[in-house]
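S.K.: Below is the structure I would like to discuss, written out as C-alpha cells.
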Amino acid sequence: MSKGLQDDFLDDLDDLGGSSDEEEEAVTIPKVKSEANGDVAVKAKSDAPMSMPPPSGGGSTAVTKAVMATIAAEETLESVAKLRRSRAYREHMAAVDAALEAEASGSQAEWTGPPEQDPSYQLVVACNEFTSQIEEETAKVFRFVADQYAVKFPELESLVSNPLDFAKTVSAIGNEMDLTNVDLNDILPSATVMVVSVTGSTTAGVALRPEVLAECLKGCEEVNGLDADRRTLLSFVEGRMMGLAPNVCALIGAQVAARLLAIAGGLNAMSRVPSCNLQVLGQDKAHTLAGFSNTAIDRHMGIIGYSDLCQSAPPYLRMKALKVTAAKVVLAARTDAFGGDKSGDLGLKFRQDIEEKIEKWQEPTQGSRTKALPKPDPVTKKRRGGRRARAAKERFKITELAKEANRSTFGNMDTAEYGEDAMGLGFGQLGSKAGSGRLRAMKEVTKTSKLGMKRQRQAMGGQTPAPNAKKDRNSGISSSLVFTPVQGLELVDPTAEAKRRVEEANKKWFNASSGFLSAKPK
C-alpha cells in the first residue's frame with residue numbers, strides 16, 4: 035500500500051470528524067523489517083483478532099482502528115500467500131494428479147515391497163504434511179482479507195468465523211452498502227444471514243477503494259484455491275486409506291480417517307496419540323452461533339465425533355460414544371501401523387461392539403422385580419438343636435391358654451347358630467372346662483435350673499432335695515439306729531457328736547475355772 039493511499043484514508047477520517055488528536059497519538063504502529071524488500075514497513079500481529087464494535091456517539095474510534103489495522107497489514111497478497119507458488123507444492127500437486135489419472139486408467143502397478151517404501155505411501159505422507167501447510171496458509175490469507183475488509187464491514191469477522199464462508203461472503207458483498215440487495219442464502223445459514231443483514235445496515239464502515247477491493251477479492255480467490263487443493267489431497271488420501279489403514283477405515287470410514295490422518299501427521303504419528311487427545315483432534319474452536327445460545331456447541335468433539343458411527347447415537351449419548359470410539363480408533367491405528375490385520379476384520383469387530391453398546395445404552399431401565407418364594411419342601415427339614423434353636427422354639431411356642439382356646443367340644447349345642455362360634459372365632463374349651471377360669475402360674479423349668487438341681491442331688495448323695503430345703507437343716511426328733519456290741523440296737527442323737535466337739539473346743543477359752551488367757555501369740 036502506497037503512502038498516498040494512507041494519506042487518503044486519514045483525510046477520510048478528518049471528514050468524518052469527532053476524532054481528537056489524543057486518540058491519533060495513542061495509536062502506535064510497531065515497525066519491523068519487510069520480508070519482500072529491505073525497506074522499513076509496518077506490520078501487525080497476524081494472529082490478533084480484529085473484531086470491533088460499532089462506534090458510539092459522534093466519534094470514529096472503530097473506523098480509526100480498522101484503518102490502522104489495514105495499514106499495519108502486509109503490503110500485498112503475494113507477500114502473504116507463498117505456498118501455491120512454491121516449487122515443492124507445484125511438484126507435489128502434479129504427482130497427485132498423475133497418480134489419480136493412473137488410478138482412473140488402471141495402469142498403476144501393485145507394490146510388493148515394504149509398506150514404508152511404497153511410493154504411494156510416501157505420497158500420502160507428503161499429502162498429510164501439505165494439508166497442514168494449507169490450513170496454516172488459509173489462516174494467514176483469511177487474516178489479510180479480514181484486515182483489509184474491516185474498513186468496509188468491521189463486524190463481519192466476528193459474525194462469520196469460517197475462512198471459506200468468510201471469503202465467499204466478501205466476494206458476494208463486494209463494495210455493496212445495502213446488504214438487502216445481496217443474496218447470501220447459498221453461502222450462510224438463514225440465522226447468520228439475518229444477523230449479517232441487520233448488522234450491515236448499522237455498520238460504520240465506508241466503501242473500499244478499487245485497489246483495496248481488488249486485493250480482498252484476490253485473497254478470497256486464494257482461499258477458494260487452497261480449499262480446492264485441500265479437497266484434492268483428501269480425496270487422494272481417501273483412495274489410499276483402505277490399503278494404508280484398513281481397520282481405521284472399517285471403523286470410522288475412509289473420509290473421516292483421511293482427515294484424521296492428515297491432522298495427526300501420518301499413521302505412525304496417530305498411533306502414538308492417546309485416546310483422550312484423539313477424541314478432540316480437529317475440533318472447531320472458533321465456532322460461534324452469531325449471538326444465539328452456545329448450548330448446542332460440541333466443545334470437546336473432534337473429527338471422530340462427526341463420523342457416521344458417532345452420529346448414529348442420540349445427542350445425549352454422543353459424547354459417551356465418542357470416548358469409546360476414540361479408544362477403539364487408537365487400537366485400530368496401532369494395528370495398522372505395525373501391519374497386524376490387513377483385512378479390516380478387527381475394525382469391523384470394533385464397530386459392531388460399539389453399535390451393540392449404543393443399543394444397550396438406549397434400553398429402558400428395568401424396575402425392581404418381586405422375588406418369588408422358594409418352592410416348599412414336602413419333607414420337613416431336620417434342623418440342628420442347640421441353645422439358640424431351643425430359645426427360638428421357646429420364644430414362639432404356643433401357650434396353654436391358646437391351646438385351650440383352639441380346642442372345640444364335639445356335640446356342644448350351647449353355641450348360637452349364627453355367631454362368632456359358628457365362624458370359628460369362639461373361645462373353645464377355655465370357658466367350658468371345669469377349673470379353666472383360674473389363673474395358674476406354671477413354673478418354667480430351664481436348662482440352668484435343671485443343672486442346679488443335678489448338683490444338689492450330687493451334694494446330698496443322690497437324694498432329690500425338697501424345693502425349699504437347706505443343707506444344714508436337721509429336725510430335733512430325727513435319729514439314727516446304730517448297732518453296738520454292748521446293747522445291740524441303740525437310738526442315738528445324730529447331733530450329739532457335733533455338740534461334743536463344740537464343747538471341747540470351747541473349754542479352753544470359755545471355761546470358768548481356766549482363768550485369764552491372752553490371745554496374743556508368744
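Using this note's numbering, read the sequence shown as starting at 35 and increasing by one per residue. The beta carbon of each residue, even a glycine, is placed where N, CA and C say it ideally should be.
#1: Using the beta-carbon count (16 or more within 10 Å), is Cys-250 buried or exposed?
#2: Compute the distance between the beta-carbons of Ala-288 and Met-275, then report whether it is under 7 Å.
#3: Residue range of the alpha helix (DSSP H) that Met-31 falls in?
#4: How about the region 386-402 and the region 340-349: do they share at least three Cβ pairs that are nearer than 8 Å?
#5: Could you have a look at Ile-105 and say whether DSSP puts it in helix, strand or coil?
#6: In angstroms, rounded to a whole number, what distance separates the CA positions of Asp-342 and Val-240?
#7: Can you check whether the CB of Asp-370 is closer than 7 Å to the CB of Asn-302?
#8: If we call anything under 7 Å between Cβ atoms a contact, is Gly-316 one with Ile-286?
#9: Using the C-alpha atoms, what's the distance from Val-364 back to Gln-313?
#10: Rounded to whole angstroms, what is the Cα-Cα separation between Glu-272 and Lys-405?
#11: To the nearest whole angstrom, what separates the beta carbons of Leu-190 and Thr-172, a pair I think is in contact under 8 Å?
#12: Would a C-beta distance cut-off of 7 Å place Cys-254 and Ala-180 closer than the cut-off?
#13: Excluding the 5 residues preceding and the 5 following Asp-199 in the sequence, name in chain order all residues of the same chain whose CB lies nearer than 8 Å to its CB.
#14: Is DSSP giving Leu-459 helix, strand or coil here?
#15: How should Phe-544 be labelled, buried or exposed, when 16 other C-beta atoms within 10 angstroms of its C-beta is the threshold for buried?
#16: Within this structure, are the beta carbons of Leu-268 and Ala-292 separated by less than 7 Å?
#17: So Glu-256 packs on Val-175, CB below 8 Å; how close in whole Å?
#18: So is Met-494 buried or exposed if we call it buried at 16+ other beta carbons inside 10 Å?
#19: Can you say whether Ile-297 is buried or exposed, counting buried as having 16 or more other CB atoms within 10 angstroms of its CB?
#20: Is Pro-188 buried or exposed, if buried means 16 or more other CB atoms sit within 10 Å of its CB?
#21: Could you check which residue in Cys-161, Met-228 and Val-307 has the C-alpha nearest to that of Thr-266?
#22: Go ahead and pull the three-state DSSP assignment for Leu-525.
#23: Cβ atoms of Ser-231 and Leu-242: under 7 Å apart, would you say?
#24: At the level of alpha carbons, what is the spacing between Arg-121 and Gln-167?
#25: Kindly list the residues whose CB is nearer than 6 Å to the CB of Ile-432, restricted to its own chain and excluding five residues on each side of it in sequence; keep chain order.
#26: Express the C-alpha separation of Asn-196 and Pro-244 in angstroms, rounding to a whole number.
#27: Output needed for Ser-309: all residues of its chain with C-beta closer than 8 Å, excluding positions within five of it in sequence on either side, in chain order.
#28: Measure the Cβ-Cβ separation of Gly-462 and Arg-441 and say whether it is below 7 Å.
#29: Hey, how far is the Cα of Asn-311 from the Cα of Leu-157?
#30: With Val-290 and Tyr-340 assumed to form a contact (beta carbons below 8 Å), what rounded beta-carbon distance in angstroms separates them?
#31: Determine, using beta carbons only, whether Val-227 and Asn-219 come nearer to each other than 7 Å.
#32: Report the CB separation of Ala-367 from Ala-279 in whole angstroms; it is logged as a contact under 8 Å.
#33: How long is the line joining the alpha carbons of Tyr-155 and Glu-125, rounded to whole angstroms?
M.R.: Inspection of the coordinates gives the following:
#1: Here Cys-250 is buried, its C-beta having at least 16 other C-beta atoms within 10 Å.
#2: yes
#3: Not covered by the structure: residue 31. The range shown for the chain is 35 to 556.
#4: yes
#5: Any reading at Ile-105 must be qualified, since the residue scores a pLDDT of 47, below 50, and its modelled position is unreliable; no value is offered.
#6: 46 Å
#7: Contact annotation: Asn-302 and Asp-370 have beta-carbon atoms that are not nearer than 7 Å.
#8: Not in contact: Gly-316 and Ile-286 (Cβ atoms no closer than 7 Å).
#9: 10 Å
#10: 56 Å
#11: Not really, about 17 Å apart at Cβ, beyond 8 Å.
#12: no
#13: Ile-221 and Leu-222
#14: Of the three classes helix, strand and coil, the one that applies to Leu-459 here is coil, per DSSP.
#15: exposed
#16: yes
#17: 5 Å
#18: Met-494 is exposed by the Cβ-count criterion.
#19: buried
#20: buried
#21: Cys-161
#22: strand
#23: no
#24: 14 Å
#25: none
#26: 25 Å
#27: Lys-357, Ala-360, Ala-361, Val-363 and Val-364
#28: The answer is yes: Cβ separation under 7 Å.
#29: 26 Å
#30: 7 Å
#31: yes
#32: So it is a contact: roughly 7 Å between Cβ atoms.
#33: In this structure, the alpha-carbon of Tyr-155 lies about 17 Å from that of Glu-125.
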